[in-house]
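The sequence shown begins at 538 in my numbering and counts up one residue at a time. Here a beta-carbon is modelled for each residue, glycine too, at the ideal position from N, C-alpha and C. Remember, it's a predicted structure, so these values are computed and weren't measured experimentally. Right, one structure below, let's go through it.
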Amino acid sequence: MKEQLSSSHPLEAIASKFETHEGRLHPNTAEKILHHQKRAEPLAGGAPCPVLSPQLIQAPALLIDNELRIVWQNEAAKTQLWRRPDISEGGNGAHLFDWLLNPEFRRTVINWREWSLFFIRQTQPLITQQELQRLIEQRDEAERELLQSLLNDPETGGGINTYPNGVRQIVRDGSADTNFCVVGTTFDKGRLLVFEKSSPDVAGQTTAKRADLQQRFAGIRQHPGPVKKTFYALAARLNNAETLRAEMLDEDYSRLLHRLWEDAIETMEQNSGIVAQSAGDALMGFFLPADQFEHNPLSAIQCALELKTRMSELGREWKIRKGWLHDIELNIGIDAGTEYLVSLSSALGENLIPSGDAVQVATYLARLALNGQIWTTKALINQVPSNDLKSISFGIFRNDNNRQTFIAKSFLRIRDVLENVNFLLDAKADFGARPVTQIFDRMAHAQ
538 MKEQLSSSHP
548 LEAIASKFET
558 HEGRLHPNTA
568 EKILHHQKRA
578 EPLAGGAPCP
588 VLSPQLIQAP
598 ALLIDNELRI
608 VWQNEAAKTQ
618 LWRRPDISEG
628 GNGAHLFDWL
638 LNPEFRRTVI
648 NWREWSLFFI
658 RQTQPLITQQ
668 ELQRLIEQRD
678 EAERELLQSL
688 LNDPETGGGI
698 NTYPNGVRQI
708 VRDGSADTNF
718 CVVGTTFDKG
728 RLLVFEKSSP
738 DVAGQTTAKR
748 ADLQQRFAGI
758 RQHPGPVKKT
768 FYALAARLNN
778 AETLRAEMLD
788 EDYSRLLHRL
798 WEDAIETMEQ
808 NSGIVAQSAG
818 DALMGFFLPA
828 DQFEHNPLSA
838 IQCALELKTR
848 MSELGREWKI
858 RKGWLHDIEL
868 NIGIDAGTEY
878 LVSLSSALGE
888 NLIPSGDAVQ
898 VATYLARLAL
908 NGQIWTTKAL
918 INQVPSNDLK
928 SISFGIFRND
938 NNRQTFIAKS
948 FLRIRDVLEN
958 VNFLLDAKAD
968 FGARPVTQIF
978 DRMAHAQ
């Protein structure tokens, strides 16, 4: 039976605020929602948004409130996620833990521990660790011990993400072994999760991508000392971070950074990059060629452009949730270097340390960038093959009689760009003569 969106429906409170994210949804899901979407009343800013009707969500979906109650779920969720087609209207309103710890569910789903941890991890935008512990303490003794064992088990915790934003469900009788891509959107009233079935090759592709990353860095790890390599450094800095931090609660700002860097790390890995350093509102990633003969920085450029798109999507989501006007943007700098690299291990993991100035240059360019700009060096552009270079839109703006003129495929020295940027004057002595340019886009058909 199709559901109608009435004033009493749990989704009614968020329906007019929901915005689809085509880049994060499986193409089939995005197409279904966009094809059927209706227009809602304008928000405070005057921009109308689509109305989300429950019957338009064909994939398994559920809404979890701030007390971790499943206040709404569709029939597909009951059948495909919980394997409980017998549960009808009475199933809504039960606590998430009731579903996860249900004996029948635990008997049916082999990897219910990983499944449970995935759900608990998905609730992080809703509640703090202290609130989660409070909810756990409200369970009976056996369930408390079980939930604590899940949270404290490093082996289980390390395996909950077969691939980013996804979870796998293995049914004991062999009738199903399903990979789900999961899209989560958090609102004031709760978190909406949509599960889209993925073909098995999605997990395989991600596994292959990570194996490729391991191979690229294996030579450095195994070498007892520094190794000279060509690599590309990408520095990203949250634009307007001081304003965001000042205007948000500390916990909200931390949640924003967590989501932002989670998206950034995923995007880097998808483009054969790895996050080497992160500190508060800044992040550094490295891109190593697959072999000594490949000197093509296209992966770093493509990653920067995809980061720009994902931050735009994240910004729209947070504007809807928080009702603010600030954009969420990453200021990005990219540079190329052929330098000695060394891999050092510590208690917190592995660190890749270059000896040259590519990281410093990329960091300065990220500071130079404003409002989500992408700056790179002529040295990096010169390494892009001519056929690939045709697909990239880059250039600089020159001031001419109080007006700006764009000159495509052109460069400026850093010192010329910095004429009116006092906080970067210290960069002039070291990097001032280096020519740089701004990257704007890449033609889709050439990708």
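For residue i, the residue or residues it bridges with in DSSP
i: W619; result: Paired residues: none, contrary to the question.
i: Q488; result: Nothing can be reported for residue 488: it is not among the residues displayed for the chain, which extend from 538 to 984.
i: K845; result: K845 pairs with nothing; no bridge assigned.
i: E876; result: K766
i: F934; result: F943
i: R606; result: H632
i: V704; result: F717
i: L949; result: V973
i: M821; result: A772, Q814
Proximal residues to residue i (C-beta, below 6 Å), its chain only, five neighbours per side dropped
i: Y790; result: R782
i: S735; result: N716, C718
i: P972; result: K915, F948, R950
i: G583; result: Unreliable positioning characterises G583 in this predicted model, as indicated by a pLDDT of 45, which lies under 50. A coordinate reading is not provided.
i: Q810; result: For clarity, residue 810 is Gly in the given sequence; the question names Gln instead. So the qualifying residues of the chain are G822, F824, C840.
i: T723; result: P662
i: D714; result: I707
Length of the line joining the Cα atoms of residue i and residue j
i: M767; j: P597; result: A quick correction: the sequence has Thr, not Met, at residue 767. Distance between the alpha carbons of T767 and P597 is about 46 Å.
i: A869; j: P761; result: One point to set straight first is that residue 869 is Ile, not Ala, in the sequence displayed. I869 and P761: Cα-Cα distance of roughly 33 Å.
i: T974; j: A631; result: 56 Å
i: L867; j: G909; result: 5 Å
i: G932; j: D894; result: 23 Å
i: N888; j: A945; result: 38 Å
i: A772; j: D787; result: 24 Å
i: G727; j: I601; result: 5 Å
i: F968; j: T900; result: 12 Å
i: E680; j: Q667; result: 18 Å
i: E854; j: A813; result: 28 Å
i: L663; j: E682; result: 23 Å
i: G695; j: S882; result: Since pLDDT at G695 reaches only 41, below the 50 mark, its modelled position is unreliable, and no value is offered.
i: Q685; j: E678; result: 11 Å
i: Q897; j: Q759; result: 26 Å
i: W861; j: I890; result: 39 Å
i: A939; j: I607; result: In the sequence as displayed, the identity of residue 939 is Asn instead of Ala. Approximately 59 Å between the Cα atoms of the pair.
i: L669; j: W609; result: 20 Å
i: L926; j: E674; result: 59 Å
i: T665; j: P763; result: 42 Å
i: R796; j: D725; result: 16 Å
Cutoff 8 Å; reference residue i; Cβ partners in own chain excluding five residues on either side
i: V921; result: N833, P834, L835, I838, I929
i: V646; result: R620, W652, Q706, I707, V708, R709
i: E626; result: For E626, the predicted model reports a pLDDT of 48, less than 50, meaning its position is unreliable and no value from the coordinates is stated.
i: L793; result: L781, M785, W855, I865
i: V765; result: First, the residue type needs correcting, since residue 765 is Lys and not Val in the sequence shown. Closer than 8 Å at Cβ, skipping near neighbours: T875, E876, Y877, L878.
i: Q941; result: F934, R935
Under 9 Å between C-beta atoms of residue i and residue j
i: L820; j: R774; result: yes
i: L633; j: L605; result: yes
i: L599; j: R650; result: no
i: G852; j: I865; result: yes
i: L902; j: I871; result: yes
i: Q617; j: L730; result: no
i: R753; j: P640; result: no
i: R847; j: A801; result: yes
i: F977; j: I918; result: no
i: S892; j: I757; result: no
i: F656; j: L638; result: no
Own chain partners of residue i with C-beta closer than 7 Å, once the 5 adjacent residues on each side are dropped
i: F943; result: G932, F934
i: Q805; result: This sequence places Met at residue 805; Gln is not what is there. For M805, where only same-chain residues beyond five positions count, the Cβ hits under 7 Å are I811, V812, G822, C840.
i: R643; result: W649
i: W1027; result: For residue 1027 there is no data in the structure shown, the boundaries of the chain being 538 and 984.
i: L961; result: In this prediction, L961 scores a pLDDT of 49, lower than 50, which makes its location untrustworthy; no coordinate-derived value is stated.
i: L672; result: L605
i: L750; result: E806, S809, I811
Interface flag, residue i vs chain D, CB-CB below 9 Å
i: W855; result: No chain D appears in the structure shown, which is made up of a single protein chain.
Any non-hydrogen atom of the ligand ATP within 8 Å of residue i CB
i: R774; result: Within the structure as shown, the ligand ATP is missing, as the structure has no ligands at all.
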